[in-house]
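Report on the structure given below.
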Amino acid sequence: MSALTGTRGLVRLALRRDRVRLPLWVLWLGLIPPSFVSATERLYPTAAEQLQYARTTGNSPTFLALYGPMHDPGLGGIVVQRAGLLSVVIALISALTVIRHTRTEEEAGRRELLGATGTGRAAPLAAALLVAMSACLVSGVLVAAGMIGQGMPAAGSVAFGLQLVIGGWAFAAVAGLAAQLTVGSAAARGLSLTVLGAAFLIRMAADAVDGLSWLGWASPLAWAQRLRPYAGERWWPLALAVAAVVALTWAAGRLAARRDLGAGMLPERLGPADAAPRLAGPFSLAWRLHRRTLYGWLAGFTALGAVYGGLAGGVQDMIGDNPGLREVFTRLGGASGLLDAYFASVMGIMGLIAAAYAVSAALRLRSEEAALHIEPLLATPAGRLRWAASHLTVAAAGSAALLAAGGLATALVHGLATDRLRADLPKVLGAAMAQLPAVWLIAAICVALFGLLPQLTTLSWSAVAAAGLVMAFGAGLDLSQPVRNLSPFTHVPQIGSADFTPAPLIALLVTAAALAALGLAGFRRRDLALG
Amino acid sequence: MNTPVTTPISVSGLTKSFGRTRALDGLDLTVQAGEVHGFLGPNGAGKSTTIRVLLGMLRADGGTAELLGGDPWRDATDLHRRLAYVPGDVTLWPELTGGEVIDLIGRMRGGIDPRRKAELLERFELDPRKKSRTYSKGNRQKVGLVTALASDAELLILDEPTSGLDPLMEEVFQDCVRRARRDGRTVLLSSHILSEVEALCDRVTIIRGGRTVESGTLDELRHLTRTSVDAVLDALPDGLAALPGVHDLRVEGNRVRCEVDTARLGEVLAGLSAAGVRTLTSRPPTLDELFLRHYQPEATR
Numbered sequence: 001m002s003a004l005t006g007t008r009g010l011v012r013l014a015l016r017r018d019r020v021r022l023p024l025w026v027l028w029l030g031l032i033p034p035s036f037v038s039a040t041e042r043l044y045p046t047a048a049e050q051l052q053y054a055r056t057t058g059n060s061p062t063f064l065a066l067y068g069p070m071h072d073p074g075l076g077g078i079v080v081q082r083a084g085l086l087s088v089v090i091a092l093i094s095a096l097t098v099i100r101h102t103r104t105e106e107e108a109g110r111r112e113l114l115g116a117t118g119t120g121r122a123a124p125l126a127a128a129l130l131v132a133m134s135a136c137l138v139s140g141v142l143v144a145a146g147m148i149g150q151g152m153p154a155a156g157s158v159a160f161g162l163q164l165v166i167g168g169w170a171f172a173a174v175a176g177l178a179a180q181l182t183v184g185s186a187a188a189r190g191l192s193l194t195v196l197g198a199a200f201l202i203r204m205a206a207d208a209v210d211g212l213s214w215l216g217w218a219s220p221l222a223w224a225q226r227l228r229p230y231a232g233e234r235w236w237p238l239a240l241a242v243a244a245v246v247a248l249t250w251a252a253g254r255l256a257a258r259r260d261l262g263a264g265m266l267p268e269r270l271g272p273a274d275a276a277p278r279l280a281g282p283f284s285l286a287w288r289l290h291r292r293t294l295y296g297w298l299a300g301f302t303a304l305g306a307v308y309g310g311l312a313g314g315v316q317d318m319i320g321d322n323p324g325l326r327e328v329f330t331r332l333g334g335a336s337g338l339l340d341a342y343f344a345s346v347m348g349i350m351g352l353i354a355a356a357y358a359v360s361a362a363l364r365l366r367s368e369e370a371a372l373h374i375e376p377l378l379a380t381p382a383g384r385l386r387w388a389a390s391h392l393t394v395a396a397a398g399s400a401a402l403l404a405a406g407g408l409a410t411a412l413v414h415g416l417a418t419d420r421l422r423a424d425l426p427k428v429l430g431a432a433m434a435q436l437p438a439v440w441l442i443a444a445i446c447v448a449l450f451g452l453l454p455q456l457t458t459l460s461w462s463a464v465a466a467a468g469l470v471m472a473f474g475a476g477l478d479l480s481q482p483v484r485n486l487s488p489f490t491h492v493p494q495i496g497s498a499d500f501t502p503a504p505l506i507a508l509l510v511t512a513a514a515l516a517a518l519g520l521a522g523f524r525r526r527d528l529a530l531g
Numbered sequence: 532m533n534t535p536v537t538t539p540i541s542v543s544g545l546t547k548s549f550g551r552t553r554a555l556d557g558l559d560l561t562v563q564a565g566e567v568h569g570f571l572g573p574n575g576a577g578k579s580t581t582i583r584v585l586l587g588m589l590r591a592d593g594g595t596a597e598l599l600g601g602d603p604w605r606d607a608t609d610l611h612r613r614l615a616y617v618p619g620d621v622t623l624w625p626e627l628t629g630g631e632v633i634d635l636i637g638r639m640r641g642g643i644d645p646r647r648k649a650e651l652l653e654r655f656e657l658d659p660r661k662k663s664r665t666y667s668k669g670n671r672q673k674v675g676l677v678t679a680l681a682s683d684a685e686l687l688i689l690d691e692p693t694s695g696l697d698p699l700m701e702e703v704f705q706d707c708v709r710r711a712r713r714d715g716r717t718v719l720l721s722s723h724i725l726s727e728v729e730a731l732c733d734r735v736t737i738i739r740g741g742r743t744v745e746s747g748t749l750d751e752l753r754h755l756t757r758t759s760v761d762a763v764l765d766a767l768p769d770g771l772a773a774l775p776g777v778h779d780l781r782v783e784g785n786r787v788r789c790e791v792d793t794a795r796l797g798e799v800l801a802g803l804s805a806a807g808v809r810t811l812t813s814r815p816p817t818l819d820e821l822f823l824r825h826y827q828p829e830a831t832r
């Protein structure tokens, strides 16, 4: 029996288990970039406008850092740059896919079930890599075909498609190796994401900082971009990528064929035998359970704020000479002052993302209950309300911290660039914090569901989704005001505008408090819904 | 401190339904102070539901339940200071180590004795530095047991606490429960392991379909069931089969084998003696037989 026996069956199993999510992401990633072509043409119809955009916005440090280099100051180059983050997205998805079909399976003990049948030691790894890499390839082909279909040059379109494939393949292989090195899927995910984060930071530095371009050879994400689609394609970085994928896969395969089931190469770190003195109640436990995730979100909000702040200076230039964009922005935000409207609208987006955090943190109530973790806790003198309050405090204070971090980063980056820090800081920070009552209201919907209809608690995501739809399409689709009023974010007043009044904020807070109280009262009265 | 109660657990006529399923159907359970009380029943009989009602996690539909002299729903937080609980399925936070979980729960109950913890960890051979996600089922169960046994709670509620433990650890567990009883604590032990119950319990309650079918000391329960009798006689007495309390009578020549209601054993033996006994063995019912009799559905009994 070879190490690869049974790979075919496992591929089929993986395809069967992923029959919904795999086609979804493959299609999504394959169809998004071609759709950028017509969108870009609509905003910048002439070659002169495209050139203007590419030279200014497209070459601003923020864009270079976030999306990557602008190789071709024309339609193709603009689209390629705008799709720059998709390489990261495909890398992320394929890495998670590989880990899900390797380590997660092993951890759940399902691998053992299969190991007792005629399955080779390296077969699960081979099957996971085959599935993830084929999916990336299909996405790449879709991108190339879609671009050619939009009338773009064939060679450039193929290179564009290959960009995605390289990102996906490289991190599928990284994840394959990580899954052999670590014990447990969480550690494997952590290791893969750390490598991806490092690769992204290296690429950012290489593209945005003069004289650091050589650094890019250390990042697979930069190799992908150095194919130079639509700008005199260069094919040899492809060989580099393939060589790296082959080497990583070979190493992972060797490890998979040798190691014990359930074991890793990196030792599982032992933790403390005794709890730190402060770990002594529901609040310290909640903090312990949430803190890592919160730190990640805080880093994300700070980065997002920095990007928004960096973009603010260019907003007036970018929008100033483009009537289409100007209309979009005045519609999105308030009417007074383009920059105020810009801050109001980006803070609205931050508010929505903070609401997603608040809901995910509040949902921990339900997941702790369903996973029976609540049982030993509630058998101690800790009462139900105190336990619920512990997680809700993290959700409420955490979302406030996120908005503060995002607002502060926006204000600092913008203020330092314009020397108007003192004037803008209170305004921008105020615009960020003004979202908080709306964020808490959405979290309170989650609490109400948890208390009254625990089995349906996850439906609270639909409140986030609805608010997102209203925010994204409310103006564009000409939704009627009553429909728009359903989203709490519609009621957030614009800080600094002449007709500002705190009344809507107070109304949002009162509603949020009432919903949360309703939910907690329900939770105190109901049976625990265990499992 | 609260005044000691003579019946830490006193449940009568307890009912609880989930949708259309009737989980508890008039259940009675009385646990005396200082005893180890076995709580037995087939899967789905309502053991865990009863325990969760006692812990204030579920609210009973009807009947009365008293825990340590209080109302298990209304006085939950106060009562929980005085008890420790090991769930049947100990699930732990994967990112915490076993030692951290033990300390956390112990402190939430009002403090933990580090010496006692260290001693129990050693006896149960549990490495407290490992992340909970790497523990096997048996090791997770040990975390729950150490947490409860290291406490000085006056009442221990153990819901199938030894599932997943090997025989050596089972010994350690039994030892710990005996010590708890010596210390004057009360233990409610729901279990499937009959040898464990036989070794530890002063009294048992057997439930089936959400209802109590038997309750008492093991001797009393044995008394309610049948004794196997195997005798070789000088002559076969007439009407042996007709004697009240004789079941499954088998006769081979002069050899008689039958099952006798223990309460009627004296009368039957007198009848046999009259016929002249050459050899006689009589064996009380094993606990297994006792349970099989109660566990089997109505129709096959």
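Protein chains in written order, with our numbering: chain G, 1 to 531; chain Y, 532 to 832. All residues carry an ideal CB built from backbone N, CA and C; glycine is no exception.
Selection of the region 363–383 of chain G by Cβ proximity to chain Y, strictly under 8 Å: Ala-371, Leu-372, His-373, Glu-375, Pro-376, Leu-377, Leu-378, Ala-379, Thr-380, Pro-381, Ala-382 and Gly-383
Pairwise C-alpha distance: Ala-355 (chain G) and Gln-455 (chain G): Taking the first sequence and counting its residues from 1, the one referred to as residue 455 (chain G) is at position 455. Taking the first sequence and counting its residues from 1, the one referred to as residue 355 (chain G) is at position 355. Between Gln-455 (chain G) and Ala-355 (chain G), the C-alpha separation is close to 21 Å.
Distance, Ala-218 (chain G) Cα to Trp-236 (chain G) Cα: The residue given as residue 236 (chain G) occupies position 236 in the first sequence. The residue given as residue 218 (chain G) occupies position 218 in the first sequence. Using only the alpha carbons, I get a separation of about 15 Å.
Amino acids of chain G, ordered along the chain, whose beta-carbon sits closer than 9 Å to that of Glu-631 (chain Y): Taking the first residue of the second sequence as 1, we reach residue 631 (chain Y) at position 100. Those within 9 Å of Glu-631 (chain Y) in chain G are Gly-271, Pro-272, Ala-273, Asp-274, Ala-275, Ala-276, Leu-279 and Arg-288.
Residue-chain proximity (Gly-184 (chain G), chain Y), Cβ-Cβ < 8 Å: Sequence index remark: in the first sequence, residue 184 (chain G) carries index 184 (1-based). It does: the Cβ of Gly-184 (chain G) has a partner Cβ on chain Y nearer than 8 Å.
Residues that Ile-636 (chain Y) contacts on chain G, provided the C-beta gap is smaller than 8 Å: Here the question's residue 636 (chain Y) lines up with position 105 in the second sequence. Within 8 Å Cβ-Cβ: Pro-376, Leu-377 and Thr-380.
Asp-527 (chain G) at chain Y interface by Cβ criterion, 8 Å: For the purposes of this step, residue 527 (chain G) is identified with residue 527 of the first sequence, where counting begins at 1. Yes, its Cβ sits closer than 8 Å to a Cβ of chain Y.
Distance between Gly-383 (chain G) and Pro-502 (chain G) (C-alpha atoms, nearest Å): Indexing the first sequence from 1 puts residue 502 (chain G) at position 502. Indexing the first sequence from 1 puts residue 383 (chain G) at position 383. Computed Cα separation, rounded: 36 Å.
Phe-283 (chain G) in three-state terms, based on DSSP: For this step, residue 283 (chain G) is matched to residue 283 along the first sequence. Here Phe-283 (chain G) sits in helix by DSSP.
Proximity to Thr-748 (chain Y) [Cα-Cα], best of Y:Arg-757, Y:Leu-764, Y:Leu-731 and Y:Gly-740: The sequence position of residue 748 (chain Y) within the second sequence is 217, counting from 1. That would be Y:Leu-731, whose Cα lies nearest to the Cα of Thr-748 (chain Y).
Neighbourhood of Thr-831 (chain Y) by C-beta, 7 Å cutoff - its chain only, sequence neighbours within 5 removed: Position 300 of the second sequence, counting from 1, holds the residue named residue 831 (chain Y). Unreliable placement is indicated for Thr-831 (chain Y), whose pLDDT of 43 sits below 50; the coordinate value is still reported in the next sentence. Within the same chain, Thr-831 (chain Y) has no close Cβ partners at all.
Near-chain Y residues of the region 443–460 of chain G - C-beta to any C-beta below 9 Å: Those residues of the region 443–460 of chain G that come within reach of chain Y (Cβ to Cβ, closer than 9 Å) do not exist; the list is empty.
Closer than 9 Å at the beta carbon, the chain G residues around Pro-618 (chain Y): Translated into positions along the second sequence, residue 618 (chain Y) becomes position 87. Chain G residues near Pro-618 (chain Y): Leu-372, Glu-375, Pro-376 and Ala-379.
Distance between Ala-361 (chain G) and His-391 (chain G) (C-alpha atoms, nearest Å): Numbered from 1 along the first sequence, position 391 holds the residue referred to as residue 391 (chain G). Numbered from 1 along the first sequence, position 361 holds the residue referred to as residue 361 (chain G). Rounded to the nearest angstrom, the two C-alpha atoms are 7 Å apart.
The region 564–573 of chain Y contacting the region 715–729 of chain Y, beta-carbon criterion three pairs below 8 Å: yes
Reference Val-79 (chain G), options G:Ala-401, G:Leu-31, G:Gly-9 and G:His-101, closest by Cα: Mapped onto the first sequence, residue 79 (chain G) falls at position 79. Looking at the Cα atoms, G:Leu-31 is the closest of the given residues.
Pro-659 (chain Y) versus Y:Glu-631, Y:Leu-680 and Y:Val-787, residue with shortest Cα-Cα distance: The sequence position of residue 659 (chain Y) within the second sequence is 128, counting from 1. It is Y:Glu-631.
Residues of its chain near Arg-569 (chain G), where Cβ-Cβ distance is below 8 Å and the 5 sequence neighbours each way are ignored: No answer is possible for residue 569 (chain G): it lies beyond the span of chain G, which begins at 1 and ends at 531.
Helix, strand or coil at Cys-789 (chain Y) according to DSSP, with G and I counted as helix: As a first step, residue 789 (chain Y) is located in the second sequence; it is residue number 258 there, counting from the start. Looking at Cys-789 (chain Y) - three-state DSSP - the assignment turns out to be strand.
Contact list for Ala-700 (chain Y) against chain G, beta-carbon separation under 9 Å: By one-based count along the second sequence, residue 700 (chain Y) stands at place 169. As written in the sequence, residue 700 (chain Y) is Met, which differs from the Ala given in the question. Per Cβ cutoff of 9 Å: no residues; Met-700 (chain Y) is ~19 Å from chain G at best.
Interfacial residues, the region 588–611 of chain Y to chain G, with Cβ spacing under 9 Å: Met-588, Leu-589, Arg-590, Ala-607, Thr-608, Asp-609, Leu-610 and His-611
Pairwise C-alpha distance: Leu-66 (chain G) and Gly-313 (chain G): As a working mapping, residue 313 (chain G) is identified with position 313 in the first sequence. As a working mapping, residue 66 (chain G) is identified with position 66 in the first sequence. Rounded to whole angstroms, Gly-313 (chain G) to Leu-66 (chain G) spans 16 Å at the Cα level.
Coil, strand or helix - Tyr-230 (chain G) by DSSP: The count along the first sequence starts at 1 and reaches residue 230 (chain G) at position 230. It is coil, neither helix nor strand.
Bridge-paired residues (DSSP) for Tyr-67 (chain G): Taking the first residue of the first sequence as 1, we reach residue 67 (chain G) at position 67. Paired residue(s): none; Tyr-67 (chain G) is not in a bridge.
Bridge partner(s) assigned by DSSP for Arg-742 (chain Y): Taking the first residue of the second sequence as 1, we reach residue 742 (chain Y) at position 211. Y:Arg-739.
Chain-ordered neighbours of Arg-664 (chain Y) on chain G, where CB pairs are closer than 7 Å: Here residue 664 (chain Y) corresponds to residue number 133 of the second sequence, with the count starting at 1. In chain order: Gly-184.
Status (buried if at least 16 other CB within 10 Å, exposed otherwise) for Gln-481 (chain G): As a first step, residue 481 (chain G) must be located in the first sequence, where it is residue number 481. When all chains shown are included, Gln-481 (chain G) counts as exposed.
C-beta atoms of Ala-358 (chain G) and Ile-445 (chain G) nearer than 8 Å: Here residue 358 (chain G) refers to the residue found at position 358 when the first sequence is read from its first residue. Here residue 445 (chain G) refers to the residue found at position 445 when the first sequence is read from its first residue. No, they are not a contact pair.
Rounded distance between the beta-carbons of Pro-618 (chain Y) and Leu-304 (chain G), thought under 8 Å: Sequence index remark: in the first sequence, residue 304 (chain G) carries index 304 (1-based). Sequence index remark: in the second sequence, residue 618 (chain Y) carries index 87 (1-based). Between Pro-618 (chain Y) and Leu-304 (chain G) the Cβ distance is about 42 Å, and since that is not below 8 Å, they are no contact.
Own chain partners of Gly-572 (chain Y) with C-beta closer than 7 Å, once the 5 adjacent residues on each side are dropped: Here residue 572 (chain Y) corresponds to residue number 41 of the second sequence, with the count starting at 1. Taking C-beta separations shorter than 7 Å and ignoring five residues to either side along the sequence, the partners of Gly-572 (chain Y) in its chain run Lys-578, Ile-737, Ile-738 and Arg-739, following chain order.
Chain-ordered neighbours of Leu-285 (chain G) on chain Y, where CB pairs are closer than 9 Å: Along the first sequence, one-based indexing puts residue 285 (chain G) at 285. Under the 9 Å cutoff, chain Y gives Trp-624, Leu-627, Leu-635 and Met-639.
The ligand ATP heavy atom lying under 7 Å from the CB of Thr-756 (chain Y): You won't find the ligand ATP in this model; it holds no ligand whatsoever.
C-alpha distance - Ala-649 (chain Y) paired with Lys-673 (chain Y), whole-angstrom precision: Sequence index remark: in the second sequence, residue 649 (chain Y) carries index 118 (1-based). Sequence index remark: in the second sequence, residue 673 (chain Y) carries index 142 (1-based). When rounded, the distance between both Cα atoms is 13 Å.
Min CB distance Pro-659 (chain Y) to chain G below 8 Å: In the second sequence, counting from the first residue as 1, residue 659 (chain Y) sits at position 128. Pro-659 (chain Y) counts as touching chain G.
Span separating the alpha-carbon of Leu-240 (chain G) from that of Ala-172 (chain G): As a working note, residue 240 (chain G) is residue 240 in the first sequence. As a working note, residue 172 (chain G) is residue 172 in the first sequence. Each residue's Cα considered, the two are about 16 Å apart.
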